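Student: The listed protein sequences correspond, in order, to chains X and U. Numbering of the first sequence is given in our numbering, commencing with residue 1 and proceeding in unit increments. Numbering of the second sequence is given in our numbering, commencing with residue 1 and proceeding in unit increments. Before I ask anything, let me first share the structure, which is written out below as structure tokens.
Number of protein chains: 2
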Amino acid sequence: MKYYIGVDIGGTNIAVGVVDENFDIKCKGSIKTNAPRSAESICDDIAGLCKSLCEKNGIDYGDILGVGVASPGIIKDGVVVFASNLQFDNVPLKAMLEARTGKKCAVCNDANAAALAEYVAGAGKGYHSLVAVTIGTGVGGGIVLEGKIWEGFNGAGAEIGHIVTVPGGRLCTCGNRGCLETYCSATALINDTKEAMINNPDSKLWEICGHTDNVTGKSAYDAAEMGDEVAKNVIKKFIKYLSIGVANIITLLQPEVVCIGGGMSAEGETLIAPLDKLVKESGVIRSLSKRPKIRAAGLFNDAGIVGAAAEVIAED
Amino acid sequence: MKYYIGVDIGGTNIAVGVVDENFDIKCKGSIKTNAPRSAESICDDIAGLCKSLCEKNGIDYGDILGVGVASPGIIKDGVVVFASNLQFDNVPLKAMLEARTGKKCAVCNDANAAALAEYVAGAGKGYHSLVAVTIGTGVGGGIVLEGKIWEGFNGAGAEIGHIVTVPGGRLCTCGNRGCLETYCSATALINDTKEAMINNPDSKLWEICGHTDNVTGKSAYDAAEMGDEVAKNVIKKFIKYLSIGVANIITLLQPEVVCIGGGMSAEGETLIAPLDKLVKESGVIRSLSKRPKIRAAGLFNDAGIVGAAAEVIAED
Numbered sequence: 001m002k003y004y005i006g007v008d009i010g011g012t013n014i015a016v017g018v019v020d021e022n023f024d025i026k027c028k029g030s031i032k033t034n035a036p037r038s039a040e041s042i043c044d045d046i047a048g049l050c051k052s053l054c055e056k057n058g059i060d061y062g063d064i065l066g067v068g069v070a071s072p073g074i075i076k077d078g079v080v081v082f083a084s085n086l087q088f089d090n091v092p093l094k095a096m097l098e099a100r101t102g103k104k105c106a107v108c109n110d111a112n113a114a115a116l117a118e119y120v121a122g123a124g125k126g127y128h129s130l131v132a133v134t135i136g137t138g139v140g141g142g143i144v145l146e147g148k149i150w151e152g153f154n155g156a157g158a159e160i161g162h163i164v165t166v167p168g169g170r171l172c173t174c175g176n177r178g179c180l181e182t183y184c185s186a187t188a189l190i191n192d193t194k195e196a197m198i199n200n201p202d203s204k205l206w207e208i209c210g211h212t213d214n215v216t217g218k219s220a221y222d223a224a225e226m227g228d229e230v231a232k233n234v235i236k237k238f239i240k241y242l243s244i245g246v247a248n249i250i251t252l253l254q255p256e257v258v259c260i261g262g263g264m265s266a267e268g269e270t271l272i273a274p275l276d277k278l279v280k281e282s283g284v285i286r287s288l289s290k291r292p293k294i295r296a297a298g299l300f301n302d303a304g305i306v307g308a309a310a311e312v313i314a315e316d
Numbered sequence: 001m002k003y004y005i006g007v008d009i010g011g012t013n014i015a016v017g018v019v020d021e022n023f024d025i026k027c028k029g030s031i032k033t034n035a036p037r038s039a040e041s042i043c044d045d046i047a048g049l050c051k052s053l054c055e056k057n058g059i060d061y062g063d064i065l066g067v068g069v070a071s072p073g074i075i076k077d078g079v080v081v082f083a084s085n086l087q088f089d090n091v092p093l094k095a096m097l098e099a100r101t102g103k104k105c106a107v108c109n110d111a112n113a114a115a116l117a118e119y120v121a122g123a124g125k126g127y128h129s130l131v132a133v134t135i136g137t138g139v140g141g142g143i144v145l146e147g148k149i150w151e152g153f154n155g156a157g158a159e160i161g162h163i164v165t166v167p168g169g170r171l172c173t174c175g176n177r178g179c180l181e182t183y184c185s186a187t188a189l190i191n192d193t194k195e196a197m198i199n200n201p202d203s204k205l206w207e208i209c210g211h212t213d214n215v216t217g218k219s220a221y222d223a224a225e226m227g228d229e230v231a232k233n234v235i236k237k238f239i240k241y242l243s244i245g246v247a248n249i250i251t252l253l254q255p256e257v258v259c260i261g262g263g264m265s266a267e268g269e270t271l272i273a274p275l276d277k278l279v280k281e282s283g284v285i286r287s288l289s290k291r292p293k294i295r296a297a298g299l300f301n302d303a304g305i306v307g308a309a310a311e312v313i314a315e316d
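This is how it looks when you write it as structure tokens:
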């Protein structure tokens, strides 16, 4: 059996897993990121964990064919050009890890890695192409075209959350107005739910949350399930804007699968079915005989490990 | 020298050219399309013209290594799935032309061919990737990623004109509201110019056009050059919406070059410079150290021939 290691560098933890060529995770381990600290120190720890994880689980380190790394930030040719939460600035992560692990390494952006993981082992497995839309605090994503991550000439592509969806709309952290994530992130859903509560003292949202401080991305779904019209309208608006974003991606790229990930994807068909309906009714998409499939993400916390491993396999 | 033939099937004419491996056109000819008529009859004529063109220009037909064809409509795997103005419905154009020409053939969508032509021999020559935005009666385009046309899993990608830019905005022929082409086509510019004339009896547009019936896509530019504020505002709005569309394409794909083609690209820097400025000031693009270049298209009527030839060379 051939083994690969996937490393997922997060703001809080660094997760490492040994993956076989079918993308099954054989074992996992993690350490604290403790950022900010030097890239040398982080790389020393990653290499150490790769070796100790194999040893502890009876895997011959000599059988590891490569180490893939998913990192936040803009990555180009194995270099982390910029990653604000790690305070990395032009860090040659691939070369640094190759020196320490003695293995062929590959580095890719974490959102791209998650998209690649869905392509090889999740919602897009067996399909031609996939765009992942990840809904969390913000909206992120990744593009996989015929098995290859597309990140643009500069490594900065797939910034799906910053596609302007409502010109002149809500102010975004990027300085623009009307970016998709100002309408379709969990943050936006929470803010819209709070606003709807304040404007509707009779809403069941008050029963569920008690106070606007307790609103989560799930609150509106819970209230809607109880038949609350206020909550239903919050969700309806959320899905309407998301459908515009997804339809625009499809109109441009026509990937075979659009995969919705992040915490919100736990809503499953309650989110996907109405989204799919709106997208399929939209403009030029309506007239197509073959339309992209919209699916919930299949992998969750392991997507970074699997995608990072898939990236080093792809470069093998 | 290696030669290839490029065929550009238009609604009115079919243009055929012999191209060398540097994409220089050695000779050209054309026939009337006379659509609608049978695909067999059109293919017979194309094959006949390929042979007679070589003969007339002293090129040994045996030296032709392939024939590329640019066709309107949705193309998938050499089949014209649907092309409304030719009334083609699942026509196996590649196989039909290979049988008649005795050459390896390739078929691609005409907008994609024009984008590929810009990539190999025009505004994108020598660059990593290119998205072409073609502004005419509508807005079309093509995507070329590392030398390869991206048309999606179903052949229907790059419908740039139908990216919704203003939700709830102007009604589009596709049934959606707010598609890019309802704001940024030559048609939209002409309509906006007429409306501005009607609302502003003192505008210099009246001197230039005399009557709203005489407005063209150039009128607002001509009046703006004479200092007319009304015309300047029409152009400003046009470029503002175009910049949102272009910035969205960049945010998603980060191609190294965005190429603006169609009749409007004749305005050159008068159009490109302010567009480039707005896009570079936009959201996440502003913070990039390497930004895409925005350029006017370099090839005009010959883009179909060159792009079709490039497609058969790429598949060689």
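Think of the CB as a built atom: it goes at the ideal place given N, C-alpha and C, for glycine as much as any other residue. Predicted model only: the values in this text are computed from it and were never measured.
#1: Who are the neighbours of G157(X) on chain U, taking C-beta pairs under 7 Å?
#2: Could you work out which residue in D8(X), V16(X), R170(X) and Y3(X) is closest to Y183(X) when comparing CA atoms only?
#3: Please state the DSSP three-state secondary structure of G245(U).
#4: Is T134(U) helix, strand or coil by DSSP?
#5: What is the C-beta distance between A220(X) and T187(X), in whole angstroms, given that I count them as a contact (C-beta under 8 Å)?
#6: So which of P72(X), M96(X) and D60(X) has the shortest CA-CA distance to E40(X)?
#7: Would you please verify whether the beta carbon of L288(U) is less than 7 Å from any beta carbon of chain X?
#8: Can you give, in chain order, each stretch of the alpha helix (DSSP H) that sits fully within the segment 134–188 of chain U and has at least 4 residues?
#9: Could you please give the first and the last residue of the uninterrupted alpha helix (DSSP H) stretch that includes N112(X)?
#10: Under the three-state reduction of DSSP, which class applies to S265(X): helix, strand or coil?
#11: Chain X beta carbons: is any one of them nearer than 7 Å to that of H211(U)?
#12: So G141(X) packs on A132(X), CB below 8 Å; how close in whole Å?
#13: Give the secondary structure of I46(U) by DSSP, where H, G and I count as helix, E and B as strand, and everything else as coil.
#14: Alpha helix (DSSP H) containing G307(X): first to last residue?
#15: In the structure shown, what three-state DSSP assignment does A297(X) receive?
#16: Give a yes or no on contact between the segment 295–314 of chain X and the segment 110–121 of chain X, applying the rule of three or more CB pairs nearer than 8 Å.
#17: Tell me which same chain residues have a C-beta within less than 6 Å of the C-beta of P92(U), skipping the five on either side of it?
#18: Is it true that the CB of D110(U) sits closer than 7 Å to the CB of P72(U)?
#19: So if I threshold CB-CB distances at 8 Å, which residues from the segment 172–202 of chain U count as touching chain X?
#20: Give the secondary structure of N90(X) by DSSP, where H, G and I count as helix, E and B as strand, and everything else as coil.
#21: Under a Cβ-count criterion, where at least 16 other Cβ atoms within 10 Å of its own Cβ denotes burial, should P201(U) be classed as buried or exposed?
#22: Which residue's Cα is closest to the Cα of E225(U): T270(U), G210(U) and T212(U)?
#23: What are the boundary residues of the beta strand (DSSP E) that includes I14(U)?
#24: DSSP three-state label for S84(X), please.
#25: Nearest CA to the CA of V18(U): which residue from D45(U), D63(U) and G11(U)?
#26: Just to confirm before moving on: does the CB-CB distance between I46(X) and V7(X) stay below 7 Å?
#27: So is P36(U) buried or exposed if we call it buried at 16+ other beta carbons inside 10 Å?
#28: Checking contacts by CB at 7 Å: is N85(X) closer than that to chain U?
#29: According to a CB-to-CB cut-off of less than 9 Å, which residues of the segment 68–96 of chain X neighbour chain U?
#30: With contact counted as at least three CB pairs below 8 Å, one residue from each stretch, are the segment 146–164 of chain U and the segment 273–289 of chain U in contact?
#31: For L145(X), go through chain U and note every residue whose CB falls closer than 8 Å to its CB, in chain order.
#32: Which residues share a DSSP beta bridge with C259(U)?
#33: DSSP three-state label for S52(X), please.
#34: Using the beta-carbon count (16 or more within 10 Å), is Q254(X) buried or exposed?
#35: Can you find a CB in chain X that lies within less than 7 Å of the CB of I163(U)?
#36: Quick one: measure Cβ to Cβ for A156(X) and I249(X), integer angstroms, because I've assumed they're closer than 8 Å.
Tutor: The answer reads as follows:
#1: The contact set of G157(X) on chain U, defined by CB atoms closer than 7 Å, consists of L252, L253 and Q254 in chain order.
#2: Looking at D8(X), V16(X), R170(X) and Y3(X), the one whose alpha-carbon comes closest to that of Y183(X) is R170(X).
#3: For G245(U), the three-state secondary structure derived from DSSP is helix.
#4: Strand at T134(U).
#5: At roughly 13 Å, the Cβ-Cβ gap does not stay under 8 Å, so A220(X) and T187(X) are not in contact.
#6: The option with the nearest alpha carbon to E40(X) is M96(X).
#7: Answer yes: the Cβ-Cβ gap between L288(U) and chain X drops below 7 Å somewhere.
#8: The segment 134–188 of chain U contains these whole alpha helix (DSSP H) runs: 181–184.
#9: Counting along the chain, the unbroken alpha helix (DSSP H) around N112(X) starts and ends at D110 to A121.
#10: Helix at S265(X).
#11: Cβ-Cβ to chain X under 7 Å: no for H211(U).
#12: About 5 Å separates the beta carbon of G141(X) from that of A132(X), a gap short enough to meet the 8 Å contact definition.
#13: Judged by DSSP in its simplified three-state form, I46(U) adopts helix.
#14: That run of the alpha helix (DSSP H) goes A303 to A314.
#15: In the structure shown, A297(X) sits in coil (DSSP, three-state: anything other than H, G, I, E or B).
#16: Touching, yes.
#17: Within the same chain, V79 come within 6 Å of P92(U) by CB-CB distance, once the 5 residues on both sides are set aside.
#18: Yes, they are a contact pair.
#19: Residues passing the 8 Å Cβ filter: C172, C174, G175, N176 and C179.
#20: Of the three classes helix, strand and coil, the one that applies to N90(X) here is strand, per DSSP.
#21: Classification for P201(U): exposed.
#22: With distances taken between Cα atoms, E225(U) lies closest to T270(U).
#23: For I14(U), the enclosing beta strand (DSSP E) has its first and last residue at N13 to D20.
#24: The answer is helix: DSSP assigns S84(X) an H, G or I state.
#25: Between V18(U) and the set D45(U), D63(U) and G11(U), the nearest pair of CA atoms involves D63(U).
#26: Between I46(X) and V7(X), the C-beta spacing is below 7 Å.
#27: When all chains shown are included, P36(U) counts as exposed.
#28: Under the 7 Å criterion on CB atoms, N85(X) is classed as non-interfacial with respect to chain U.
#29: Listed in sequence order: I74, K76, V81 and F82.
#30: Using a C-beta cut-off of 8 Å, the segment 146–164 of chain U makes no contact with the segment 273–289 of chain U, since fewer than three inter-stretch Cβ pairs fall below that distance.
#31: For the C-beta of L145(X), the chain U residues within less than 8 Å are, from N- to C-terminus, L145 and W150.
#32: In the DSSP output, where bridge partners are listed per residue, C259(U) has A132(U) and R295(U).
#33: Note: S52(X) maps to helix in three-state DSSP.
#34: Classification for Q254(X): buried.
#35: Output row for I163(U): interface = yes.
#36: About 17 Å separates the Cβ atoms of A156(X) and I249(X), ruling out a contact at the 8 Å cut-off.
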